[in-house]
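Just below is one structure, and these are the notes that go with it.
Numbering (our numbering), first residue to last: 79 to 305.
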C-alpha cells in the first residue's frame, strides 16, 4: 500500500529562503493539484511536521487555507482528508473561464496592432511545427505563451492571475486534454480563429470561438472524470 505522505514530504523544499508557512502552503497545494492522491486519503499533519522537523502551526494554517479552497476537508473523528474535484466543480470552472477569456479578448481588441498579430501568428506557426513533430512539451509551452501574449495585450493585471488560479485546479485534466491529438490540432486552429477575431475586433465571433474552444476541452476532461 502506497504511503501518500511521501508525496507531500518529497515535494516540500525547506531549503528555500522563504517563510516556512509560505513554503508549506505552496508545496501542499502543488502536491494536491498535480499528484494523483486519491480522494478521501488522510493527511496526518503530525507525521508531516515530524518528518520535516517543523512546527505544526504553519501546517495547520496551510490546511485551513487549502480547506477554504476546497482541496481538503475536515471530517469529524477522521481528520483532514484529500477532497476531489467533482464534475460539477469542473463545469463551474469552465463557465467562469469562458467569461474571463472573452473579457481578455475584448480588452485585447482595444490595443492590438498588426505587429502584435504577426508575432502571435508566428507563434502559432511554431506551435503547428511542434505538434507535427509530436513535441508535446513544446506545444504546451507555446499554448501557454499564446495565452500570455493575449493577457499582455489586454493590459489587465489582475484577471490573468485569477485565470491562472482556476487553471491550477484543472492542471492534471488540462494535460489530458492537450495530450489528445485531435483536440490539440483543433485547439491550434481555434487559437488562430480567436486571434483573427481580435484583429478584426469582432466581439460576437470571438465569443463563439472562445466558448467552443473551452467547451470542447471540457468534454475531454469530463470524459476522463467519468472514467
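Even for Gly, the Cβ is constructed at its ideal location relative to N, Cα and C. This one's a predicted model, so the numbers in the text were calculated from it and none came from an experiment.
Test item: CB-CB of residue i and residue j under 7 Å
i, j, result
"residue 127", "residue 134", "yes"
"residue 289", "residue 113", "no"
"residue 312", "residue 249", "Within the shown structure, residues of the chain are numbered from 79 to 305, placing residue 312 beyond reach of any answer."
"residue 228", "residue 182", "yes"
"residue 180", "residue 285", "yes"
"residue 208", "residue 217", "yes"
"residue 195", "residue 162", "no"
"residue 137", "residue 144", "no"
Nearest candidate by alpha-carbon position, reference residue i, set the options
i, options, result
"residue 241", "102, 106, 225 and 97", "225"
"residue 246", "207, 99, 228 and 148", "148"
"residue 84", "291, 99 and 109", "109"
"residue 203", "98, 300, 97 and 269", "269"
"residue 206", "267, 111 and 190", "267"
"residue 264", "283, 277, 287 and 244", "287"
"residue 171", "302, 221 and 293", "293"
"residue 174", "218, 152, 244 and 223", "244"
"residue 201", "130, 90 and 273", "273"
"residue 81", "142, 115 and 105", "115"
"residue 223", "198, 98, 130 and 163", "198"
"residue 156", "136, 129 and 121", "121"
"residue 332", "145, 96 and 277", "Residue numbering for the chain in the displayed model covers 79 to 305; residue 332 lies beyond these limits and cannot be assessed."
"residue 146", "296, 237, 103 and 239", "103"
"residue 301", "165, 238 and 280", "165"
"residue 190", "238, 142 and 280", "280"
"residue 178", "238, 255 and 142", "238"
"residue 255", "296, 90, 142 and 283", "296"
Rounded Cβ spacing between residue i and residue j (contact assumed at less than 8 Å)
i, j, result
"residue 123", "residue 159", "Incorrect: roughly 12 Å between the Cβ atoms, too far for contact."
"residue 299", "residue 168", "6 Å"
"residue 94", "residue 101", "6 Å"
"residue 98", "residue 132", "6 Å"
"residue 130", "residue 106", "So it is not a contact: roughly 11 Å between Cβ atoms."
| query | When the Cβ atoms of the segment 228 to 235 are set against those of the segment 177 to 187, are three or more pairs found closer than 8 Å? | reply | The segment 228 to 235, when compared against the segment 177 to 187, does touch it at the 8 Å Cβ threshold.
| query | Between the segment 211 to 218 and the segment 256 to 265, are three or more C-beta pairs nearer than 8 Å? | reply | With a cut-off of 8 Å, the segment 256 to 265 and the segment 211 to 218 count as touching, because enough Cβ pairs lie within range.
| request: Could I get the ranges of all uninterrupted alpha helix (DSSP H) runs contained in the segment 201 to 278, with 4 residues as the minimum, in chain order? | output: Segments of the alpha helix (DSSP H) lying fully in the segment 201 to 278: 214 to 232, 237 to 247, 249 to 257 and 259 to 277.
| field | In chain order, each beta strand (DSSP E) run of at least 3 residues that lies wholly inside the segment 124 to 181 | value | Listed in chain order, the complete beta strand (DSSP E) runs (minimum 3 residues) inside the segment 124 to 181 are 150 to 153 and 157 to 160.
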